[in-house]
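The next block holds one structure in the form of structure tokens; read it before the comments.
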Ligand code: ADP
Ligand code: ADP
């Protein structure tokens, strides 16, 4: 479950300028696709299209063979978890912010997770120092702590598909390494699309595409791309 395909996908924010100019991607269930490329190449746009923020200009995107244009928005939100670069948290407790992730899920998933034990598990997964403060208000969290809460919030709905949109690029390198480790663990068994600035952070991806000006300029594994470079 979680087979993502882009078929000749075209999209532009303005009718007269395509940002994505015919993108073909095949991300088998449970595999990791990394999308790298210069700023403005269209990486975030590509991720937003999978979440159906916008309608395509051409082509189609399917999940398990189903055109996402025909899937209910609630089902899409349940199937896809996003960890963005800059997480905006509610000015509330950590517990509230994590539980909120559940609200985006389908009714069935909410019911399944509603026993509280589910959220308890995610709170327990927070690092020491954070897990004891879940009920505190007016918390001042560092960037790394915010990303940990964002990850827990995303995992509450146990999505088969995960989008990491530069999830660690705003962090200092030590925090980045720590959170990369956590992410590698939660990616297992999920179809993952990682958007990254640098090739060096996506060494383990099953496939990497280099996006440039809305087209796939290169694709391959890390080793293959290094050989070509
Ligand atoms: P990347 O993630 O690779 O940096 P983006 O997908 O954010 O690239 O942006 C690709 C292009 O689309 C850029 O030229 C950017 O300015 C433009 N763009 C992004 N978001 C919007 C938007 N909401 N409205 C109009 N243009 C946008
Ligand atoms: P990123 O490269 O990480 O996507 P950007 O700085 O390109 O970040 O974009 C930040 C925000 O500004 C995004 O929400 C994007 O949709 C919006 N944005 C980017 N370019 C444009 C644009 N040309 N017109 C309108 N909104 C834009």
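Residue numbers (UniProt numbering): 356 to 584.
Note that CB positions come from ideal geometry on N, CA and C, so glycine has one too.
Computed from a predicted model, the values in this text were never measured in an experiment.
Look at the Cβ atom of residue i, then the Cβ atom of residue j, and state whether they are nearer than 7 Å.
{"i": "residue 383", "j": "residue 434", "result": "no"}
{"i": "residue 417", "j": "residue 360", "result": "yes"}
{"i": "residue 526", "j": "residue 498", "result": "yes"}
{"i": "residue 571", "j": "residue 390", "result": "no"}
{"i": "residue 550", "j": "residue 521", "result": "yes"}
{"i": "residue 420", "j": "residue 544", "result": "no"}
{"i": "residue 422", "j": "residue 432", "result": "no"}
{"i": "residue 580", "j": "residue 573", "result": "yes"}
{"i": "residue 395", "j": "residue 566", "result": "no"}
{"i": "residue 448", "j": "residue 492", "result": "yes"}
Take residue i and list the residues in its own chain whose beta-carbon comes closer than 7 Å to its own, dropping the five residues that flank it on each side.
{"i": "residue 375", "result": "364, 365, 366, 397, 400, 401, 569"}
{"i": "residue 440", "result": "520, 521, 522, 524, 525"}
{"i": "residue 381", "result": "360"}
{"i": "residue 411", "result": "364, 365, 366, 404"}
{"i": "residue 584", "result": "none"}
Using a Cβ-Cβ cutoff of less than 6 Å, which residues in the same chain neighbour residue i once the five nearest sequence positions on both sides are dropped?
{"i": "residue 413", "result": "365"}
{"i": "residue 547", "result": "387, 517"}
{"i": "residue 469", "result": "Since pLDDT at residue 469 reaches only 37, below the 50 mark, its modelled position is unreliable, and no value is offered."}
{"i": "residue 530", "result": "499"}
{"i": "residue 378", "result": "361, 364"}
{"i": "residue 560", "result": "387, 389"}
{"i": "residue 426", "result": "none"}
{"i": "residue 357", "result": "384, 515, 516, 546"}
First and last residue of the beta strand (DSSP E) that includes residue i?
{"i": "residue 359", "result": "359-366"}
Keeping to the same chain, check which residues put their C-beta closer than 8 Å to that of residue i; ignore five residues upstream and five downstream.
{"i": "residue 509", "result": "436, 437, 438, 456, 517"}
{"i": "residue 444", "result": "452, 496, 501, 504, 505"}
{"i": "residue 577", "result": "554, 557, 558, 559, 560, 563"}
{"i": "residue 406", "result": "431, 432, 435, 437, 518"}
Specify, as a first and last residue, the run of the alpha helix (DSSP H) that residue i falls within.
{"i": "residue 385", "result": "Taken as a continuous stretch (DSSP letters only), residue 385 belongs to no alpha helix (DSSP H), as it is neither H nor E."}
{"i": "residue 510", "result": "498-510"}
Which residue spans inside the region 520-583 form an unbroken alpha helix (DSSP H) run of at least 4? 528-542, 577-583
Which runs of the beta strand (DSSP E) at least 3 residues long sit entirely within the region 396-452? Give them in chain order. 413-418, 435-438
Test item, CB below 5 Å from any non-hydrogen atom of ligand 1: 368, 374, 394, 395, 396, 397, 398, 399, 400
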